[in-house]
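Reading through the structure tokens given below for one structure.
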Amino acid sequence: MSIGLYHYLLLGTFLFATGVVAVVTRRNAIGVLIGVELILNAANVNLVGFSRYSGGLDAQVFALFVIVLAAAEAAVALAIILQLFDKRTDVDVDRASSLKG
Amino acid sequence: MGADVILFWVFAAMTVAGGLMAALLPRVVHAVFSLLLCFLGVTGIYAVAGADFLAVTQVVVYVGGVLVLFAFGILLTGRTALALGDKEVRHRKTGLVLGVLLAAGLVTAIKGSVFKTAAATPVEGTTEGLGKLLLGDYIILFEFASVLLLVALVGAAYLVRRQPS
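From first to last, the protein sequence lines are chains A and B.
First residue of the first sequence: 281, per the working numbering; consecutive thereafter.
First residue of the second sequence: 177, per the working numbering; consecutive thereafter.
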């Protein structure tokens with residue numbers, strides 16, 4: 281049995297679904313961030329699969345930009361989480377609802 | 177069955193196990209370490225697919241950067257884990273149903289579509305090709321990405337400064 285594009289896409293689908301589950305179910309803000317990273321990795325697995333089975337490197341350039349975005353996003357999100365912690369002494373996303381009407 | 181097929185399945189198993197544990201383990205510290213397993217699996221997948229530069233970047237940026245950031249975040253907000261205790265996860269059943277439905281829908285869509293694929297190219301170094309693309313066709317995007325990184329990191333440093341009270 282040989283490996284084809286479908287195997288990469290199925291792996292990406294699985295990672296995406298686990299990421300969504302983590303984002304939806306976790307209460308700790310850092311847990312939500314973990315879910316977002318899983319989703320971005322799912323996109324990258326798909327891109328690498330397409331790159332392998334299309335013969336071009338362009339998809340890998342996109343994957344590199346996704347990694348850059350993920351790093352920037354993690355830094356800003358951590359900064360926001362630390363500010364939230366400073367104000368509320370926890371990072372429970374269920375209780376961070378100051379703007380709620 | 178060639179070595180690359182076996183390696184693909186080994187790394188796919190690592191990725192799947194790490195991803196599942198990162199999503200489902202109740203404690204966020206355990207989730208971060210599962211995420212390490214998952215990222216290393218993804219790195220292996222990149223290597224098997226011949227994306228050597230991406231594999232190295234994945235290790236340097238994710239394992240060396242993002243995961244360490246997460247570890248620091250957990251350290252600095254440690255009281256949250258204590259306060260939440262075993263209640264760190266909520267709506268688990270709804271979330272699982274949502275995830276399974278989402279995965280099923282996507283798999284159906286993938287199975288139902290036809291992709292124009294070329295034969296897998298023989299594995300060779302990608303660093304030179306990526307460099308030429310980044311500084312050639314994608315130079316504008318490359319410059320935008322560096323500006324974005326600068327803005328994001330300066331913004332993060334500004335956000336975490338001590339507020340004058």
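We put the beta carbon where it would ideally sit given N, CA and C, even for glycine.
Quick caveat, the model's predicted, so the values are computed rather than measured.
CB contact flag (residue i, residue j, <7 Å)
i, j, result
"B:L252", "A:A355", "no"
"A:L291", "B:I286", "no"
"A:V301", "B:G275", "yes"
"A:V373", "A:I361", "no"
"B:A294", "A:G335", "yes"
"A:L318", "A:T298", "yes"
"A:L358", "B:L243", "no"
"A:I310", "B:G249", "yes"
"A:L346", "A:A323", "According to the sequence shown, residue 346 of chain A is Val rather than Leu. In this structure, A:A323 lies closer than 7 Å to A:V346 by Cβ."
Interface flag, residue i vs chain A, CB-CB below 7 Å
i, result
"B:V212", "Position check: residue 212 of chain B holds Leu in this sequence, whereas Val was assumed. Not an interface residue."
"B:H267", "yes"
"B:G220", "no"
"B:F291", "yes"
"B:I316", "no"
Extent of the continuous alpha helix (DSSP H) run through residue i
i, result
"A:V300", "285-305"
"B:Q234", "228-234"
"A:K367", "338-368"
"B:T270", "268-288"
"B:A294", "Careful: B:A294 lies outside any alpha helix (DSSP H) and carries neither H nor E."
"B:V224", "204-224"
"B:V181", "179-200"
"B:K308", "303-310"
"B:G249", "243-252"
Below-7 Å beta-carbon distance, residue i vs any chain B residue
i, result
"A:R368", "no"
"A:I319", "no"
"A:V328", "yes"
"A:A323", "no"
"A:R332", "yes"
"A:V371", "yes"
Pairing CB atoms from the stretch 192-201 of chain B with CB atoms from the stretch 225-234 of chain B, are three or more of them under 8 Å? Segments in contact, no.
Contacting positions in the stretch 341-366 of chain A - beta carbon closer than 7 Å to chain B: Answer in chain order: V341, A343, L344, F345, I347, V348, A350, A351, A352, A354, A355, V356, L358, A359, I360, I361, L362, Q363, F365.
Counting pairs of beta carbons, one from the stretch 317-336 of chain B and one from the stretch 335-352 of chain A, are three or more of them closer than 8 Å? yes
Between the stretch 179-208 of chain B and chain A, which residues of the former have a C-beta closer than 8 Å to a C-beta of the latter? D180, V181, F184, A188, T191, V192, G195, L196, A198, A199, L200, V204, A207, V208
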